[in-house]
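Asks: When you number the sequence shown by full-length UniProt numbering, it's gap-free, plus one each residue, and the end is 109.
One structure follows; several queries about it will come next.
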Amino acid sequence: MGKFVIIRKTAGKYQVQLKSRAGTLLLNSREYTTKISCKKTIECLRSYAGQANKFQKKTSTEWELYFYLKSNNGKTIATSVLFPSTLSREQAIKRVQKLAPIAAVEDES
1 MGKFVIIRKT AGKYQVQLKS RAGTLLLNSR EYTTKISCKK TIECLRSYAG QANKFQKKTS
61 TEWELYFYLK SNNGKTIATS VLFPSTLSRE QAIKRVQKLA PIAAVEDES
């Protein structure tokens with residue numbers, strides 16, 4: 001099973017990461033000023049993971065592939081790491097869809 005990890009950034013803000021069972025980073029949330037916001041983000045990610053239309057596929061200026069999840073109001077909730085191929089991005093989306101609804105939460109802040 002994967003896990004959501006709440007971390008504290010150097011500027012004192014908090015961020016949520018979704019990691020696979022093997023510890024591979026799949027998603028980073030935006031930064032928040034409170035842990036409560038991180039917990040709300042986790043609940044949103046659990047909810048949205050099953051909705052294919054929430055995953056937006058993009059290409060960086062360096063031609064690397066990534067995706068992000070957007071909320072109902074269109075704001076970005078979390079962004080993936082960069083992928084070298086379409087196949088690896090698609091596999092990561094499937095892992096997020098499978099892991100997010102059941103992932104444990106670990107507070108490392």
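Idealized CB from N, CA, C, for every residue including glycine.
What you are looking at is a predicted structure, and each value in this text was computed from that prediction instead of being measured.
So if DSSP puts Glu106 in a beta bridge, which residue, or which two residues, is it bridged to?
Replies: Val5
Asks: Taking all protein chains shown into account, decide if Lys54 is buried (16 or more other Cβ within 10 angstroms of its Cβ) or exposed.
Replies: buried
Asks: Can you name, in chain order, every residue of its own chain whose Cβ lies under 6 Å from the Cβ of Val81, other than the five neighbours on each side?
Replies: Leu25
Asks: Using a 10 Å radius around the Cβ and a threshold of 16 neighbouring Cβ atoms, would you call Ala104 buried or exposed?
Replies: exposed
Asks: Can you give the Cα-Cα distance for Thr10 and Ala49, rounded to whole angstroms?
Replies: One Cα belongs to Thr10, the other to Ala49, and the distance between them is close to 28 Å.
Asks: Since Asn28 sits in a beta bridge, which residues does DSSP pair it with?
Replies: Gln17 and Thr79
Asks: Cα-Cα, which of Tyr66, Asn72, Pro101 and Ile42 is closest to Leu87?
Replies: Tyr66
Asks: According to the Cβ coordinates, are Val5 and Glu106 closer than 8 Å?
Replies: yes
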